[in-house]
């Protein structure tokens with residue numbers, strides 16, 4: 090299937106083990122509670138048949154819903170989520186196959202049949218629930234659901250490392266000094282003039298100053314920095330900008346300027362290091378940077394880098410959650426309608442299912458837990 094072992098699929102074996110264990114536990118419980126008849130091998134066989142029959146329907150629906158949950162990841166935008174979806178579908182099918190094709194052989198041959206006095210004893214019990222339980226649960230779910238709007242799908246780079254760890258402390262110092270996440274902005278003159286011309290180059294200086302003044306931006310490297318450094322050389326200040334760029338692009342200086350201007354001088358590159366400690370959504374920062382480029386009289390041709398990639402990943406995670414959870418709830422509504430054939434039961438089942446993502450995501454929002462590529466499934 091050409092699915093690599095990544096952050097999401099690394100623990101798939103554990104996930105399949107837990108899925109298999111759920112079927113095994115309920116089958117064992119039904120096997121212990123089965124009445125059975127006869128003695129010896131006949132009694133053991135009767136117990137096994139009854140246990141499998143009592144567990145099969147619940148196991149089927151458990152497997153079906155789990156499989157559909159993983160299948161919903163197949164329409165996710167992020168490839169790692171799609172790979173987890175494929176692996177999860179295979180794992181769900183494997184779990185029920187192992188539980189019903191392998192484990193019954195153990196029960197039939199080696200498991201010890203309990204004494205008659207241990208059997209039964211739980212049928213007929215009725216659980217009494219107070220009238221106040223449902224309203225209280227509804228209020229709790231509603232309060233938790235309010236946190237869904239506060240879920241952060243775009244955590245900072247530093248949040249992936251434990252607080253107080255050597256790696257995080259080092260990155261924090263780098264981030265404070267000049268930023269830790271890269272971002273490149275390629276700009277051009279809307280009229281198509283050379284960026285080294287006397288009309289356009291001052292705009293590059295204006296943009297350089299605006300970017301350096303931005304609180305989310307650390308170090309900024311651009312053609313203007315290169316030219317200012319070149320002019321510290323004696324007599325270099327007498328040379329025009331186009332000539333200085335030509336000299337800086339020569340092999341004698343290892344073509345240092347080629348990384349900042351194109352050969353035809355129609356585009357210039359600004360290399361930024363963004364600060365991850367700024368408490369501001371990346372989307373807002375990116376929009377502000379584009380606005381600063383336009384205010385300088387330039388056109389943003391390309392805005393890309395690790396910082397933008399993290400912002401795009403956050404958008405994909407949010408989109409995948411909406412599509413995946415929405416599709417699952419719609420599908421479960423149809424399943425509940427087919428299984429129950431009752432409008433009241435269908436609505437009750439659907440509300441119970443809908444409360445699960447509402448409470449889970451709401452808890453993440455209230456507690457400030459980021460929802461990233463690893464935790465989103």
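Residue numbers (the working numbering): 90 to 466.
Backbone N, C-alpha and C fix where the C-beta goes; we use that ideal spot for every residue, glycine too.
- Task: Measure the Cβ-Cβ separation of residue 358 and residue 228 and say whether it is below 8 Å.
- Result: no
- Query: In this structure, does DSSP put residue 349 in helix, strand or coil?
  - Reply: coil
- Task: Pull up the CB-CB distance for residue 271 and residue 395, whole angstroms please, since I reckon it's below 8 Å.
- Result: 5 Å
- Do you know offhand how far residue 108's Cα is from residue 352's? 59 Å
- Please classify residue 311: does DSSP put it in a helix, a strand, or coil? Residue 311 falls in the coil class under three-state DSSP.
- Task: Run the CB neighbour count on residue 264, radius 10 Å, all protein chains shown included, and call it buried at 16 or more, exposed below.
- Result: buried
- Host beta strand (DSSP E) of residue 271 (start-end): 270-277
- Message: Considering only their Cβ atoms, is the gap separating residue 424 from residue 164 smaller than 8 Å?
- Response: Cβ atoms of residue 164 and residue 424: not closer than 8 Å.
- Query: Three or more C-beta pairs closer than 8 Å, one from the stretch 186-193 and one from the stretch 437-454: is that the case here?
  - Reply: no
- Please report how far the alpha carbon of residue 146 lies from the alpha carbon of residue 115, in whole angstroms. 11 Å
- Query: To which residues of the same chain is residue 111 closer than 7 Å at the C-beta, ignoring the five residues directly before and after it?
  - Reply: 151
- Message: Can you tell me whether residue 445 is buried or exposed? The criterion is at least 16 other CB atoms within 10 Å of its CB, across all chains shown.
- Response: exposed
- Write down the C-beta distance between residue 416 and residue 161 rounded to the nearest angstrom, noting that I regard them as a contact closer than 8 Å. 5 Å
- Query: Helix, strand or coil for residue 389 per DSSP?
  - Reply: strand
- Task: Can you tell me the Cβ-Cβ gap for residue 311 and residue 354, rounded? I've got them flagged as a contact below 8 Å.
- Result: About 14 Å; that fails the 8 Å criterion.
- Message: Taking only three categories from DSSP, how would you classify residue 381?
- Response: helix
- Task: Pick out whichever of 292, 232, 337 has its Cα sitting closest to the Cα of residue 319.
- Result: 337
- Message: Tell me the DSSP secondary structure of residue 356 in three-state form.
- Response: strand
- residue 306 - DSSP class collapsed to helix/strand/coil: strand
- Can you check whether the CB of residue 460 is closer than 8 Å to the CB of residue 414? Cβ distance not < 8 Å, so residue 414 and residue 460 don't count as in contact.
- Message: Here's a check: name, in chain order, each residue in its chain whose Cβ is nearer than 6 Å to the Cβ of residue 403, leaving out the five neighbours to either side.
- Response: Listed in chain order, the non-local C-beta contacts of residue 403 below 6 Å within the same chain comprise 242, 243, local neighbours out to five positions each way being set aside.
- Sort 157, 123, 158, 159 by Cα distance to residue 144 and report the nearest one. 123
- Query: To which residues of the same chain is residue 119 closer than 6 Å at the C-beta, ignoring the five residues directly before and after it?
  - Reply: 140, 143, 144
- At a cut of 8 Å, does the stretch 335-350 reach the stretch 372-383 through at least three beta carbon pairs? no
- Task: Check residue 404 in the structure and name its three-state DSSP category.
- Result: helix
- Between the C-alpha atoms of residue 136 and residue 187, what's the straight-line distance to the nearest angstrom? 19 Å
- Task: Assuming residue 375 contacts residue 268 (C-beta within less than 8 Å), just tell me the rounded distance between them.
- Result: That belief does not hold up - the Cβ atoms of residue 375 and residue 268 are roughly 15 Å apart, past 8 Å.
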